[in-house]
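Some notes on the structure that comes next.
Residue numbers (our numbering): 6 to 253.
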């Protein structure tokens, strides 16, 4: 398993969403587990397949790409100041080979969920990765593991190839959530189905499919009780370890 550099990934936006029975400005409708239409404001639950299709999948891929671009720029004088970076469409495409239309759609969705802020500076775009310089507002993205020795985020290539499948969005939403809740001292997140559903709007069957896909791609693994014993008070939730990150 590769271990190495990590990038700071905005994660405060993954906060618990607010649900409303009636829609309002900025809310997104979706069907809950009981078949009722509800409206959500904030967080991962706003990235719904029914509303945004592959654009939502592209948004998460682009966010990961921007985090890596930011991490690289941090080491070069003048290319990064605070949370803000300059990134062109070719820069993003070099990380995740998406069309210009998908990159444009994905960036707009990231602005909508407040993961990034975008401003024009002459002929170039500047992106603020919201919160990466504030404690508790960012999480670690396993950059070296995802790149796997290449310039692109090679381990995420499946999601680019399968962008038109809802399962790709579901898996990336679960991955983002696990990154957000990961405990850096244990390198895993202990989280149950109900909590995953409340943050993502995913159905239980979709969560299982997403989990199995992420494990098969060596992005996550399930922590066994014999490698990290549970305390009597610990809930019996699945414990998800993030591949490519170290315990700190």
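Every residue, glycine too, gets a C-beta built ideally from N, C-alpha and C. This one's a predicted model, so the numbers in the text were calculated from it and none came from an experiment.
Problem - Inter-residue CB distance, residue 135 and residue 15 (contact presumed, cutoff 8 angstroms) - result: 5 angstroms
Problem - Span separating the alpha-carbon of residue 122 from that of residue 104 - result: 21 angstroms
Handout entry: Meets three-Cβ-pair contact criterion under 8 angstroms: the region 61 to 81 and the region 173 to 189
Key = yes
Handout entry: For residue 147, the nearest candidate out of 95, 72, 213 (CA to CA)
Key = 72
Handout entry: Test item: CB-CB of residue 150 and residue 249 under 7 angstroms
Key = yes
Handout entry: Proximity below 7 angstroms, CB of residue 166 to CB of residue 159
Key = In this structure, residue 166 lies away from residue 159, with their beta-carbon atoms at least 7 angstroms apart.
Handout entry: Simplified DSSP assignment, three categories, for residue 93
Key = coil
Practice task
State whether the region 214 to 228 contacts the region 104 to 113, with contact taken as three or more CB pairs (one from each stretch) at a distance under 8 angstroms.
Solution key: no
Practice task
Pick helix, strand or coil for residue 171, following the three-state DSSP scheme.
Solution key: helix
Practice task
Look at the alpha carbon of residue 220 and the alpha carbon of residue 227, and state the distance between them as a whole number of angstroms.
Solution key: 8 angstroms
Exercise for the section: Measure the Cβ-Cβ separation of residue 19 and residue 185 and say whether it is below 7 angstroms. Expected result: yes
Handout entry: Alpha carbon of residue 198 to alpha carbon of residue 25, nearest angstrom
Key = 21 angstroms
Exercise for the section: Please confirm whether residue 67 and residue 97 have their CB atoms less than 7 angstroms apart. Expected result: In this structure, residue 97 lies closer than 7 angstroms to residue 67 by Cβ.
Handout entry: Residue interval of the alpha helix (DSSP H) (run including residue 138)
Key = From DSSP, residue 138 is part of no alpha helix (DSSP H); its letter is neither H nor E.
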